[in-house]
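To start, the structure under review is shown below, and the notes come after it.
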Amino acid sequence: MRYFLMTLQIFFCVLLAFIWMAGWLIIAGAVALAEEQKNMSPGMATGMENAFPVPFRALQFQNVIRFEESNRGDKIYRVEPELRWGLARSGFLSVRSQLAFGPGVSRDSGNLRVQGFYNTSRETSALPATALVLGTTLPTGHDSAGVDGLIRGILTKSAGVAQFILNAELDKIGAAQPAERDFRYRFGMGADFGAGSLVRTGLLVEQSESRGEVSLWRMQAGLFHHFTPTIAIALGAEVGLS
């Protein structure tokens with residue numbers, strides 16, 4: 091409980107700092123709101139992220155709640171609040187925490203993840219939009235150690251009402267155990283369909299934490315719906331394929 095409260099205090103202090111820094115910002119108009127609806131981050135029904143940034147000077151908050159069942163039948167609950175700030179016209183800064191509840195998942199619960207996103211090229215009729223993400227995970231959680239790093243590349247191409255997404259990520263684990271990998275890869279490909287409401291799909295493969303174990307394949311699908319230009323809800327499901 092102590093580390094849980096400390097993590098919440100840290101996260102809300104960061105949240106207040108963001109709000110204080112953004113106090114001079116102009117409220118995003120209709121064009122910015124339209125752009126914000128294009129931005130899809132991990133947790134919005136699937137784990138796929140597209141190459142469109144948060145609008146310049148906009149603040150975006152989301153909270154993901156996950157329900158999982160382990161191979162042993164244990165129930166696991168995760169809460170992942172995230173704040174995004176459109177720091178640049180083509181990029182944004184995000185702060186995210188993950189709180190885990192359930193048997194055997196307390197390790198690293200409460201860590202803070204800070205990421206910078208930059209849209210490296212706009213989508214054209216022939217070429218996809220591209221983006222680069224650099225991030226780090228700070229050991230602020232329970233029983234955590236070491237600073238992790240990641241780099242992620244993103245491709246997004248639209249075709250009518252469909253949008254196709256590719257993600258490729260490499261993680262560097264700062265304090266891996268002897269039986270764990272120092273580097274882990276993660277690849278994903280997905281497709282979103284629709285306009286106001288989106289049907290989202292994704293197929294992901296992720297290298298296992300332990301050396302010698304097979305990679306993990308997952309299929310995801312869900313629905314993303316805007317109630318208003320600034321309020322949305324996403325529901326998704328995942329099934330393991332390996």
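Every position in the sequence shown, counted from 1, becomes a number in our numbering once 90 is added.
Each residue gets a CB set at the ideal place from its N, CA and C atoms; glycine is no exception.
All values reported here derive from a predicted model rather than from experimental measurement.
Note on E213: 16 or more other CB atoms within 10 angstroms of its CB, so buried under the neighbour-count rule. Look at K128 here: in three-state DSSP terms it is coil, with no helix or strand label. Contact holds between the region 288-307 and the region 257-277, because three or more Cβ pairs, one in each stretch, are under 8 Å apart. Note that the C-beta distance between G236 and G264 is below 8 Å. At a Cβ-Cβ threshold of 8 Å, L293 and A135 do not count as neighbours. Excluding the 5 residues flanking it on each side, L260 has same chain C-beta neighbours closer than 6 Å at I241, Y275, in chain order.
Put simply, the region 141-158 touches the region 167-176. At least three CB pairs are less than 8 Å apart. In the displayed model, T320 falls within coil according to three-state DSSP, outside both helix and strand. Counting C-beta atoms within 10 angstroms of its own C-beta, R174 has 16 or more neighbours from the protein chains shown and is therefore classed as buried. Looking at the DSSP output, M279 bridges to L256, L293. The alpha-carbon of P132 is positioned some 5 Å away from that of E139. DSSP places G163 outside both helix and strand once states are collapsed to three, so it counts as coil. Taken through DSSP and simplified to helix, strand or coil, I263 comes out as coil. For G330 and R301, the gap between their C-alpha atoms comes out near 19 Å. When the five nearest sequence neighbours on each side are left out, the beta carbons in the same chain lying within less than 7 Å of the beta carbon of G284 are those of V251, in order along the chain. For G137, the closest of I244, S248, E303, P193 by C-alpha to C-alpha distance is I244.
About 6 Å separates the CB atoms of R203 and G225; that is less than 8 Å, so the two are in contact.
Cβ neighbours of A266 within its own chain (closer than 7 Å, five residues either side excluded): D272. Rounded to the nearest whole angstrom, the CA to CA distance from L313 to M130 is 12 Å. Distance from the CA atom of L288 to the CA atom of H315, rounded to whole angstroms, is 6 Å. Per DSSP, the unbroken beta strand (DSSP E) holding N209 starts and ends at 202-211. Under the three-state reduction of DSSP, H315 is assigned to strand. Proximity to Y208 across F146, K262, G200 peaks at F146, based on C-alpha coordinates.
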